[in-house]
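Trainee: Residue numbers (UniProt numbering): 1 to 305.
1. If you follow the alpha helix (DSSP H) that residue 255 is part of, which residue opens it and which one closes it?
2. Just to confirm my understanding: we take residue 190, look at its own chain, exclude 5 residues before and 5 after, and list those with CB closer than 6 Å. What are they?
3. Suppose the cutoff is 8 Å on Cβ atoms and the five residues either side in sequence are ignored; what does the same chain contact list for residue 120 look like?
4. Buried or exposed: where does residue 80 fall if 16 or more other Cβ atoms within 10 Å of its Cβ makes it buried?
5. Taking buried to mean at least 16 other C-beta atoms within 10 Å of its own C-beta, is residue 207 buried or exposed?
6. Taking buried to mean at least 16 other C-beta atoms within 10 Å of its own C-beta, is residue 233 buried or exposed?
7. Is residue 82 helix, strand or coil by DSSP?
8. Cβ of residue 78 within 8 Å of Cβ of residue 64?
9. DSSP three-state label for residue 166, please.
10. Report yes or no: do the region 171 to 180 and the region 121 to 130 share at least 3 C-beta pairs separated by less than 8 Å?
11. Assess, as a yes-or-no matter, whether the region 19 to 36 is touched by the region 211 to 228 under the definition of 3 or more beta carbon pairs within less than 8 Å.
12. For residue 217, which of 14, 7, 62 has the nearest alpha-carbon?
13. Could I get the ranges of all uninterrupted alpha helix (DSSP H) runs contained in the region 10 to 80, with 4 residues as the minimum, in chain order?
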(Lines of atoms letter the chains of each structure in order from A and count residues from 1; the text may use other names and numbers.)
(Lines give C-alpha, C1' and ligand atoms only; values in the text may rest on other atoms or scores of the structure.)
Protein backbone atom coordinates (compact mmCIF):
# COMPACT_ATOMS: atom_id res chain seq x y z
CA UNK A 1 0.00 0.00 0.00
CA UNK A 2 1.40 3.41 -0.97
CA UNK A 3 2.13 5.78 1.87
CA UNK A 4 -0.03 8.89 2.00
CA UNK A 5 3.11 10.90 2.72
CA UNK A 6 5.22 9.42 -0.10
CA UNK A 7 6.20 11.41 -3.18
CA UNK A 8 7.00 9.46 -6.34
CA UNK A 9 9.16 10.91 -9.13
CA UNK A 10 8.94 8.67 -12.19
CA UNK A 11 10.32 10.13 -15.41
CA UNK A 12 12.28 8.75 -18.39
CA UNK A 13 15.79 10.00 -19.17
CA UNK A 14 18.07 9.43 -22.15
CA UNK A 15 21.77 10.09 -22.66
CA UNK A 16 24.11 9.76 -25.60
CA UNK A 17 27.31 11.05 -27.17
CA UNK A 18 26.38 12.60 -30.53
CA UNK A 19 29.75 13.97 -31.76
CA UNK A 20 28.12 17.11 -33.23
CA UNK A 21 24.65 18.09 -32.12
CA UNK A 22 24.01 20.27 -35.16
CA UNK A 23 24.87 17.41 -37.54
CA UNK A 24 22.51 14.99 -35.78
CA UNK A 25 19.83 17.44 -34.69
CA UNK A 26 17.07 16.01 -36.92
CA UNK A 27 17.72 12.44 -35.73
CA UNK A 28 17.69 13.63 -32.11
CA UNK A 29 14.35 15.36 -32.65
CA UNK A 30 12.92 12.12 -34.04
CA UNK A 31 14.21 10.09 -31.08
CA UNK A 32 12.84 12.56 -28.54
CA UNK A 33 9.48 12.61 -30.30
CA UNK A 34 9.31 8.81 -30.09
CA UNK A 35 10.53 8.31 -26.51
CA UNK A 36 9.20 11.53 -24.94
CA UNK A 37 11.83 11.64 -22.18
CA UNK A 38 11.68 14.24 -19.44
CA UNK A 39 15.47 14.64 -19.54
CA UNK A 40 17.88 14.48 -22.49
CA UNK A 41 21.62 14.55 -21.77
CA UNK A 42 24.14 15.01 -24.57
CA UNK A 43 27.94 14.82 -24.58
CA UNK A 44 30.24 15.99 -27.37
CA UNK A 45 27.83 18.64 -28.60
CA UNK A 46 30.65 20.40 -30.47
CA UNK A 47 28.87 23.68 -29.89
CA UNK A 48 30.56 27.05 -29.49
CA UNK A 49 29.23 30.31 -28.05
CA UNK A 50 28.62 31.42 -31.65
CA UNK A 51 25.79 28.86 -31.89
CA UNK A 52 22.68 30.27 -30.24
CA UNK A 53 19.97 28.17 -28.60
CA UNK A 54 17.25 28.30 -31.33
CA UNK A 55 19.08 26.06 -33.86
CA UNK A 56 19.39 23.30 -31.23
CA UNK A 57 16.13 23.80 -29.34
CA UNK A 58 13.68 20.95 -28.78
CA UNK A 59 9.99 21.79 -28.68
CA UNK A 60 8.72 21.50 -25.11
CA UNK A 61 12.18 21.56 -23.51
CA UNK A 62 14.51 24.07 -21.89
CA UNK A 63 18.17 23.66 -22.76
CA UNK A 64 21.14 24.07 -20.42
CA UNK A 65 24.56 23.91 -22.04
CA UNK A 66 28.27 24.14 -21.38
CA UNK A 67 30.27 24.81 -24.54
CA UNK A 68 33.97 24.44 -25.04
CA UNK A 69 35.66 27.80 -25.56
CA UNK A 70 39.34 27.10 -26.10
CA UNK A 71 39.26 24.51 -28.90
CA UNK A 72 36.97 22.44 -31.09
CA UNK A 73 34.86 19.50 -29.98
CA UNK A 74 33.62 18.56 -26.54
CA UNK A 75 30.74 20.34 -24.88
CA UNK A 76 27.73 19.02 -22.99
CA UNK A 77 24.09 19.99 -22.68
CA UNK A 78 20.94 18.95 -20.86
CA UNK A 79 17.36 19.32 -22.08
CA UNK A 80 14.65 19.36 -19.42
CA UNK A 81 10.96 19.16 -20.27
CA UNK A 82 8.74 22.19 -19.68
CA UNK A 83 6.63 20.06 -17.33
CA UNK A 84 9.62 19.48 -15.05
CA UNK A 85 10.66 23.14 -15.25
CA UNK A 86 7.15 24.20 -14.25
CA UNK A 87 7.29 22.09 -11.09
CA UNK A 88 10.96 22.33 -10.14
CA UNK A 89 13.58 25.02 -9.89
CA UNK A 90 16.59 24.17 -12.07
CA UNK A 91 19.76 25.73 -10.67
CA UNK A 92 23.16 25.42 -12.42
CA UNK A 93 25.92 24.47 -9.98
CA UNK A 94 29.41 25.86 -10.54
CA UNK A 95 32.13 23.21 -10.55
CA UNK A 96 35.80 23.44 -11.46
CA UNK A 97 36.60 20.34 -13.50
CA UNK A 98 39.54 21.78 -15.42
CA UNK A 99 39.41 20.98 -19.13
CA UNK A 100 36.82 18.26 -18.62
CA UNK A 101 33.46 19.43 -19.97
CA UNK A 102 30.77 19.27 -17.31
CA UNK A 103 27.40 20.64 -16.37
CA UNK A 104 25.68 20.09 -13.03
CA UNK A 105 22.08 21.05 -12.31
CA UNK A 106 20.32 21.12 -8.97
CA UNK A 107 16.68 20.20 -9.53
CA UNK A 108 14.54 20.99 -6.54
CA UNK A 109 11.10 21.67 -5.12
CA UNK A 110 9.60 21.35 -1.65
CA UNK A 111 9.39 17.56 -1.90
CA UNK A 112 12.51 16.47 -3.77
CA UNK A 113 16.01 17.66 -4.54
CA UNK A 114 18.52 15.87 -6.74
CA UNK A 115 21.65 16.66 -8.72
CA UNK A 116 21.89 15.84 -12.41
CA UNK A 117 25.21 16.02 -14.23
CA UNK A 118 26.58 15.43 -17.71
CA UNK A 119 30.30 14.89 -18.42
CA UNK A 120 32.59 14.69 -21.40
CA UNK A 121 36.10 13.69 -20.42
CA UNK A 122 38.46 13.81 -23.43
CA UNK A 123 40.80 10.83 -23.82
CA UNK A 124 43.71 13.30 -23.61
CA UNK A 125 42.70 14.58 -20.15
CA UNK A 126 45.55 15.16 -17.75
CA UNK A 127 45.41 13.55 -14.35
CA UNK A 128 45.21 16.93 -12.58
CA UNK A 129 41.85 17.54 -14.28
CA UNK A 130 40.74 14.04 -13.33
CA UNK A 131 41.56 14.81 -9.71
CA UNK A 132 39.46 17.99 -9.97
CA UNK A 133 36.52 16.12 -11.50
CA UNK A 134 36.42 13.36 -8.92
CA UNK A 135 36.96 15.80 -6.08
CA UNK A 136 33.89 17.73 -7.29
CA UNK A 137 31.87 14.54 -7.46
CA UNK A 138 32.99 13.58 -3.96
CA UNK A 139 31.96 16.96 -2.57
CA UNK A 140 28.59 16.80 -4.30
CA UNK A 141 28.00 13.33 -2.92
CA UNK A 142 28.31 14.78 0.58
CA UNK A 143 25.63 17.38 -0.20
CA UNK A 144 23.05 15.55 -2.32
CA UNK A 145 21.29 12.36 -1.30
CA UNK A 146 20.22 11.76 -4.90
CA UNK A 147 23.01 12.27 -7.44
CA UNK A 148 23.01 11.12 -11.07
CA UNK A 149 25.92 11.77 -13.44
CA UNK A 150 25.88 10.61 -17.07
CA UNK A 151 28.78 11.00 -19.44
CA UNK A 152 31.54 9.78 -21.70
CA UNK A 153 34.49 9.17 -19.39
CA UNK A 154 36.78 7.61 -22.03
CA UNK A 155 38.10 4.97 -19.66
CA UNK A 156 37.85 1.77 -21.75
CA UNK A 157 40.37 -0.10 -19.60
CA UNK A 158 37.95 -0.39 -16.67
CA UNK A 159 36.06 -3.67 -16.74
CA UNK A 160 32.44 -3.61 -15.59
CA UNK A 161 31.02 -4.82 -13.26
CA UNK A 162 33.85 -3.47 -11.16
CA UNK A 163 36.49 -5.82 -9.82
CA UNK A 164 38.74 -4.50 -7.08
CA UNK A 165 41.69 -6.58 -8.27
CA UNK A 166 41.82 -5.22 -11.82
CA UNK A 167 44.72 -3.03 -12.90
CA UNK A 168 43.96 0.29 -14.61
CA UNK A 169 45.64 3.41 -15.91
CA UNK A 170 46.23 6.07 -13.22
CA UNK A 171 43.24 8.20 -14.28
CA UNK A 172 40.94 5.20 -14.45
CA UNK A 173 42.20 4.07 -11.06
CA UNK A 174 40.98 7.37 -9.58
CA UNK A 175 37.43 6.48 -10.60
CA UNK A 176 37.80 2.88 -9.45
CA UNK A 177 39.05 4.00 -6.04
CA UNK A 178 36.26 6.52 -5.68
CA UNK A 179 33.61 3.92 -6.41
CA UNK A 180 35.18 1.34 -4.11
CA UNK A 181 35.56 3.80 -1.23
CA UNK A 182 32.17 5.49 -1.38
CA UNK A 183 28.50 4.61 -1.69
CA UNK A 184 28.54 5.60 -5.37
CA UNK A 185 27.65 3.04 -8.03
CA UNK A 186 28.26 2.78 -11.77
CA UNK A 187 25.34 1.21 -13.63
CA UNK A 188 26.54 0.62 -17.22
CA UNK A 189 27.89 -2.90 -17.73
CA UNK A 190 27.74 -3.34 -21.51
CA UNK A 191 29.78 -1.73 -24.30
CA UNK A 192 28.46 1.65 -25.44
CA UNK A 193 30.76 2.44 -28.37
CA UNK A 194 31.12 0.33 -31.49
CA UNK A 195 33.71 1.40 -34.05
CA UNK A 196 34.86 -0.50 -37.12
CA UNK A 197 38.10 -2.45 -36.60
CA UNK A 198 38.03 -1.73 -32.85
CA UNK A 199 36.81 -3.77 -29.94
CA UNK A 200 33.53 -2.54 -28.42
CA UNK A 201 34.21 -0.45 -25.33
CA UNK A 202 32.31 0.90 -22.35
CA UNK A 203 32.99 4.63 -22.45
CA UNK A 204 29.63 6.03 -21.39
CA UNK A 205 28.88 5.65 -17.70
CA UNK A 206 26.14 6.42 -15.19
CA UNK A 207 27.42 7.25 -11.72
CA UNK A 208 24.85 7.53 -8.97
CA UNK A 209 24.51 7.67 -5.22
CA UNK A 210 21.10 6.00 -5.47
CA UNK A 211 21.11 3.04 -7.85
CA UNK A 212 17.62 1.98 -6.74
CA UNK A 213 16.21 5.20 -8.20
CA UNK A 214 17.24 4.45 -11.80
CA UNK A 215 15.46 1.49 -13.32
CA UNK A 216 15.05 -0.30 -16.65
CA UNK A 217 18.39 0.68 -18.20
CA UNK A 218 18.29 0.08 -21.96
CA UNK A 219 21.00 0.24 -24.62
CA UNK A 220 19.41 1.75 -27.73
CA UNK A 221 20.70 2.53 -31.21
CA UNK A 222 22.99 5.53 -31.72
CA UNK A 223 21.63 8.89 -32.85
CA UNK A 224 22.34 9.22 -36.56
CA UNK A 225 25.83 8.08 -37.51
CA UNK A 226 27.25 8.34 -34.00
CA UNK A 227 29.16 5.28 -32.80
CA UNK A 228 27.84 5.57 -29.22
CA UNK A 229 24.75 3.78 -27.96
CA UNK A 230 21.87 5.76 -26.52
CA UNK A 231 21.20 4.96 -22.86
CA UNK A 232 17.63 5.12 -21.62
CA UNK A 233 16.47 4.69 -18.02
CA UNK A 234 13.60 5.65 -15.78
CA UNK A 235 13.85 7.74 -12.66
CA UNK A 236 11.97 6.04 -9.84
CA UNK A 237 12.67 8.22 -6.82
CA UNK A 238 10.49 7.88 -3.74
CA UNK A 239 10.72 10.36 -0.88
CA UNK A 240 8.68 10.69 2.28
CA UNK A 241 7.16 14.10 2.87
CA UNK A 242 7.89 15.63 6.24
CA UNK A 243 4.74 16.15 8.27
CA UNK A 244 4.13 19.54 9.85
CA UNK A 245 1.73 19.96 12.77
CA UNK A 246 -0.08 23.29 12.94
CA UNK A 247 -2.00 24.25 16.07
CA UNK A 248 -5.14 26.35 15.73
CA UNK A 249 -6.48 28.06 18.86
CA UNK A 250 -9.92 29.63 19.16
CA UNK A 251 -11.97 31.10 21.98
CA UNK A 252 -15.24 29.45 23.03
CA UNK A 253 -17.57 31.91 24.82
CA UNK A 254 -20.37 30.88 27.19
CA UNK A 255 -22.82 33.56 26.10
CA UNK A 256 -25.53 32.40 28.50
CA UNK A 257 -23.23 32.99 31.48
CA UNK A 258 -22.11 36.31 30.03
CA UNK A 259 -25.70 37.50 29.64
CA UNK A 260 -26.55 36.46 33.20
CA UNK A 261 -23.51 38.26 34.57
CA UNK A 262 -24.43 41.39 32.65
CA UNK A 263 -27.93 41.41 34.16
CA UNK A 264 -26.39 41.18 37.62
CA UNK A 265 -24.34 44.35 37.12
CA UNK A 266 -25.75 47.43 38.90
CA UNK A 267 -24.99 49.88 36.14
CA UNK A 268 -26.15 53.13 37.89
CA UNK A 269 -23.57 52.63 40.61
CA UNK A 270 -20.85 52.27 37.98
CA UNK A 271 -21.60 55.40 36.03
CA UNK A 272 -20.63 57.93 38.69
CA UNK A 273 -19.28 60.56 36.30
CA UNK A 274 -21.06 62.73 33.78
CA UNK A 275 -18.42 62.10 31.10
CA UNK A 276 -19.80 60.09 28.21
CA UNK A 277 -16.30 58.98 27.23
CA UNK A 278 -15.47 57.78 30.74
CA UNK A 279 -18.77 55.91 31.05
CA UNK A 280 -18.24 54.29 27.65
CA UNK A 281 -14.77 53.04 28.65
CA UNK A 282 -16.18 51.70 31.92
CA UNK A 283 -19.01 49.91 30.11
CA UNK A 284 -16.65 48.41 27.51
CA UNK A 285 -14.16 47.25 30.14
CA UNK A 286 -16.90 45.61 32.20
CA UNK A 287 -18.33 43.73 29.23
CA UNK A 288 -14.90 42.53 28.02
CA UNK A 289 -13.93 41.37 31.50
CA UNK A 290 -17.11 39.30 31.73
CA UNK A 291 -16.59 37.82 28.28
CA UNK A 292 -13.02 36.81 29.18
CA UNK A 293 -14.19 35.36 32.49
CA UNK A 294 -16.71 33.11 30.75
CA UNK A 295 -14.50 32.05 27.81
CA UNK A 296 -12.17 29.12 27.27
CA UNK A 297 -9.39 28.55 24.70
CA UNK A 298 -9.70 25.39 22.62
CA UNK A 299 -6.74 24.15 20.55
CA UNK A 300 -6.89 21.82 17.55
CA UNK A 301 -3.96 20.28 15.69
CA UNK A 302 -3.83 19.60 11.97
CA UNK A 303 -1.13 17.60 10.20
CA UNK A 304 0.07 19.10 6.92
CA UNK A 305 2.11 17.11 4.38
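Heads up, the beta-carbon is just placed ideally off N, CA and C, and yes, glycines get one too.
Mentor: In this structure, then:
1. 255 to 264
2. So the qualifying residues of the chain are 219.
3. 17, 43, 44, 74, 75, 76, 100, 101, 102, 151, 152, listed in sequence order.
4. buried
5. When all chains shown are included, residue 207 counts as buried.
6. buried
7. helix
8. yes
9. coil
10. In short, these stretches touch, since the Cβ pair count reaches three.
11. Between the region 211 to 228 and the region 19 to 36 there are three or more C-beta pairs closer than 8 Å, enough to call the two in contact.
12. It is 14 whose Cα lies nearest to the Cα of residue 217.
13. 25 to 35
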